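In my numbering, the protein residues as written are 1 to 134.
To start, the structure under review is shown below, and the notes come after it.
This is the structure in structure tokens:
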């Protein structure tokens with residue numbers, strides 16, 4: 001059953017504005033809405049690509065070693081680059097504030113990419129930007 005609040009939160013995000021209502025519902029159904037407290041580690045550098053998140057609200061710090069390389073917030077995805085690129089994690093991600101996120105297993109990300117060309121294109125574009133195709 002589709003969570004209408006999750007669909008509404010996704011619809012408000014620029015990154016997913018080109019997805020149809022059906023695609024947004026599919027995304028909401030595939031993910032699990034999760035609350036994450038501040039200062040919580042979501043992803044760890046040099047670990048397998050087993051999950052990804054869409055940030056619905058809040059802010060995270062992306063770190064290589066001990067150095068912060070980016071701050072991300074609502075509409076941003078984390079963890080997808082390693083899944084799409086078939087690599088180990090290139091950075092760690094820690095919540096700066098409380099977060100509301102949509103959590104996906106790597107299997108769900110792959111399944112969604114197969115079902116929605118628009119979703120696949122959005123993730124591939126983000127991955128190319130973050131990894132610099134290097």
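Quick reminder that beta carbons are idealized off the backbone N, C-alpha and C, glycines included.
Because the structure is a prediction, the values reported are computed rather than measured.
Whole-angstrom distance between residue j and residue i, CA atom to CA atom
{"i": "residue 127", "j": "residue 82", "result": "8 Å"}
{"i": "residue 107", "j": "residue 86", "result": "12 Å"}
{"i": "residue 134", "j": "residue 89", "result": "Legend: pLDDT at residue 134 = 43, less than 50; position of this residue unreliable, value from coordinates given subsequently. Residue 134 and residue 89: Cα-Cα distance of roughly 14 Å."}
{"i": "residue 67", "j": "residue 91", "result": "10 Å"}
{"i": "residue 61", "j": "residue 55", "result": "12 Å"}
{"i": "residue 53", "j": "residue 100", "result": "10 Å"}
{"i": "residue 112", "j": "residue 98", "result": "27 Å"}
{"i": "residue 84", "j": "residue 123", "result": "8 Å"}
{"i": "residue 110", "j": "residue 93", "result": "21 Å"}
{"i": "residue 195", "j": "residue 39", "result": "Outside the modelled stretch of the chain, which goes from 1 to 134, sits residue 195, for which no answer is possible."}
{"i": "residue 12", "j": "residue 28", "result": "13 Å"}
{"i": "residue 7", "j": "residue 57", "result": "14 Å"}
{"i": "residue 45", "j": "residue 63", "result": "8 Å"}
{"i": "residue 116", "j": "residue 23", "result": "7 Å"}
{"i": "residue 37", "j": "residue 73", "result": "14 Å"}
Check: residue i C-beta below 7 Å from any heavy atom of the ligand ATP
{"i": "residue 82", "result": "What this structure holds is no ligand at all, so the ligand ATP is not there to describe."}
Nearest-angstrom beta carbon gap, residue j and residue i [assumed within contact, 8 Å]
{"i": "residue 10", "j": "residue 95", "result": "The Cβ separation is near 19 Å, so there is no contact."}
{"i": "residue 14", "j": "residue 75", "result": "5 Å"}
{"i": "residue 33", "j": "residue 102", "result": "6 Å"}
{"i": "residue 18", "j": "residue 118", "result": "6 Å"}
Residue i, DSSP secondary structure in three states
{"i": "residue 11", "result": "helix"}
{"i": "residue 77", "result": "strand"}
{"i": "residue 126", "result": "helix"}
Problem - beta strand (DSSP E) segments (min. 3 residues) lying fully within the segment 89-114 - result: Listed in chain order, they are 92-95 and 99-105.
Handout entry: beta strand (DSSP E) segments (min. 3 residues) lying fully within the segment 13-71
Key = Correct list: 32-36, 41-43, 51-57 and 60-64.
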